[in-house]
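Residues -19 to -1, 1 to 204 in mature numbering (1 follows the signal peptide of the UniProt record, and there is no 0) are what the sequence shown lists, from first letter to last. Using N, Cα and C, we set each Cβ at its ideal position, and we do this for glycine too. Worksheet: one structure, shown below.
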Amino acid sequence: MKNFLKPVVAAGLMLTASAAPMLAVPAVAQDARGVGVVSLPAVIANSNAYRTAEQQRQTTYQAQISQAEARRQQIEAQLTPLIQQFNTARQAANPDQQALQQQMAQIQQIEQAGQRELQTILAPVSLSRAYVTEQIEDRLDEAVQAAAAKRNVSLILDATSGQVVYAGAQHNLTQDVLTELNTLVPSVQITPPEGWVPREVREQQQAAAQAQQATQQQQPSGR
């Protein structure tokens, strides 16, 4: 089931810090017995482990968060007069288009450099969130299967993929999976081990290594 769940979870979270709302499933006149609907991103984001980790991260990574916020304010203070100057210049009766382009280029350059700088400062925070999410994902299959068994559901549809045409509210397994997940993963570590990289990166590295190995095996050996 992991191959089915992983792309759905990745699409739903995208390193969000806020909890996703529990999804409401539309009621229908006829039950589809044995079919369940679940919102996996909502399960993860509303899990006790994820919420607790979000709170802990504010303390553990307070230095990086404070540094990023201070730097963001500095960048905003630097950009504000430039943006005001640009807006004033372009409202002139005969604005100098070349000068406007240069001003816009300067603004964009500062914005882009600032975003890169903030991403660098917050890199440990982003890595922590990816680590937390992966630990929860590792038990998500088990939680889904346990909830399905308890509700006697043989088919589960993802409520966030757009493939659900209809489902009775009694078949919504989001809360059931959330309950099972909170039991399986009451808490997680927020600080990644030394050298840890997200699952997507590990899979890319593995694929690259396999491709390189295959290429080497296809090359004729010289004598």
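| Query | Result |
| --- | --- |
| Proline 22 classed as buried or exposed, judged by whether at least 16 other C-beta atoms fall within 10 angstroms | buried |
| Range covered by the alpha helix (DSSP H) that runs through valine 106 | 104 to 118 |
| DSSP three-state assignment for aspartate 157, whether helix, strand or coil | helix |
| Three CB pairs or more closer than 8 Å across the stretch 28 to 36 and the stretch 99 to 116 | yes |
| Distance between alanine 94 and glutamine 170 (C-alpha atoms, nearest Å) | 32 Å |
| Identified DSSP bridge partners for valine 16 | Leu136 |
| Residue 205 versus leucine 99: straight-line alpha-carbon distance, rounded | Past the edges of the chain, shown from -19 to 204, lies residue 205, and the structure says nothing about it. |
| Beta-carbon proximity check, threonine 155 vs serine 47, cutoff 9 Å | no |
| Cutoff 7 Å; reference proline 105; Cβ partners in own chain excluding five residues on either side | Tyr42, Gln45 |
| Given 8 Å, three or more beta-carbon pairs between the stretch 121 to 135 and the stretch 159 to 167 | yes |
| Straight-line Cα distance separating alanine 58 from glutamate 92 | 12 Å |
| Identity of the residue in Gln66, Asp77, Leu103 nearest alanine 51 by Cα | Leu103 |
| Pairwise C-alpha distance: arginine 53 and arginine 97 | 11 Å |
| C-alpha gap between valine 158 and alanine 128, whole angstroms | 5 Å |
| Cβ-Cβ separation, alanine 30 to proline 167 (assumed contact under 8 Å), whole Å | 6 Å |
| Beta-carbon spacing of glutamate 118, isoleucine 25 below 9 Å | yes |
| Buried or exposed by the 16-neighbour rule on C-beta atoms within 10 Å, applied to asparagine 27 | buried |
| Three-state class that DSSP yields for glycine 95 in the structure shown | helix |
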